[in-house]
Amino acid sequence: MKNLSIFVLVLILGLNVVNPCNGCPIILRGYVVHIKSDIINDNVTVRCQSKDDDLGYHVLHSPNLEYQWKFCETISGSTLFFCHFWWQNKEQIFDVFNISMAQWCFVDHLEGNTCNWEIKDDGFYFFEPHNYVWLKQYSWKQIPEGKLIF
Ligand SMILES: *[C@@H]1O[C@H](CO)[C@@H](O)[C@H](O)[C@H]1NC(C)=O
Ligand SMILES: *[C@@H]1O[C@H](CO)[C@@H](O)[C@H](O)[C@H]1NC(C)=O
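If you're matching positions, the sequence shown starts at 58 in my numbering and goes up one per residue.
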């Protein structure tokens, strides 16, 4: 019983003390999802969402080819963000962050662990920080004719 009270006390303290670097409670990790388009001559539209948040539509076009946002993990560790991407008559949709990927997010001491995605004309690459390589995870998919884009 005493141990439980101490645990609850530490939890409450930990949730109320904020890490000044990333704005997250000190017991929860902060993450940054960073998306960069390599398609410099054309627009790529991105819409990212979690269960509770819709980050809205963003158009990546030169010179604004990068998009990122920060968040704190939840106590249950169930945070998930997925994005829908459109480029010309192609699209793709996938998780840009989920708990099984968290370990692959680069440890950035200032803002939090950064998950790096790069959009290329042949698909979507994720930065694997242990071996320092970009690994292709998804290809673009043709939007079926007659399907409305948004
Ligand atoms: C790209 O997006 C910008 C800003 O939203 C817009 O002004 C421009 O017309 C778009 N270009 C193309 C080729 O769609
Ligand atoms: C998490 O996201 C990655 C990358 O998009 C994906 O490969 C994986 O299947 C997802 N995991 C789950 C449990 O959905």
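Even glycine gets a Cβ: it sits at the ideal position worked out from N, Cα and C.
Predicted model, so just to flag it, every value in this text is computed and none were measured.
Q. Rounded to a whole number of angstroms, what is the C-alpha to C-alpha distance between His91 and Glu148?
A. Between the C-alpha atoms of His91 and Glu148 there is a straight-line separation of about 19 Å.
Q: Give the straight-line distance between the Cα atoms of Asn188 and Lys59, rounded to the nearest whole angstrom.
A: Cα to Cα, the separation comes out at about 45 Å.
Q: Determine which residues share a DSSP beta bridge with Arg104 and list them.
A: According to DSSP, Arg104 bridges with Tyr114, His141.
Q: Answer yes or no: the CB of Asp152 versus the heavy atoms of ligand 1, is any distance below 7 Å?
A: Outside the cutoff, so no.
**Q.** Pairwise C-alpha distance: Tyr88 and Asn98
**A.** Straight across, the Cα-Cα distance linking Asn98 with Tyr88 is about 30 Å.
**Q.** Extent of the continuous beta strand (DSSP E) run through Val90
**A.** Counting along the chain, the beta strand (DSSP E) containing Val90 begins and ends at 87-94.
Q: Kindly identify the DSSP beta-bridge partner or partners of Thr171.
A: Paired residues: Val89, Phe163.
Q) Who pairs with Gly134 in a beta bridge, going by DSSP? A) BP columns for Gly134 are empty, so no partner.
Q) Helix or strand or just coil, what does DSSP make of Asn73? A) In the displayed model, Asn73 falls within a helix according to three-state DSSP.
Q: Return the CA-CA distance between Ala159 and Cys129, expressed in angstroms with no decimal places.
A: A direct Cα-Cα distance of roughly 12 Å separates Ala159 from Cys129.
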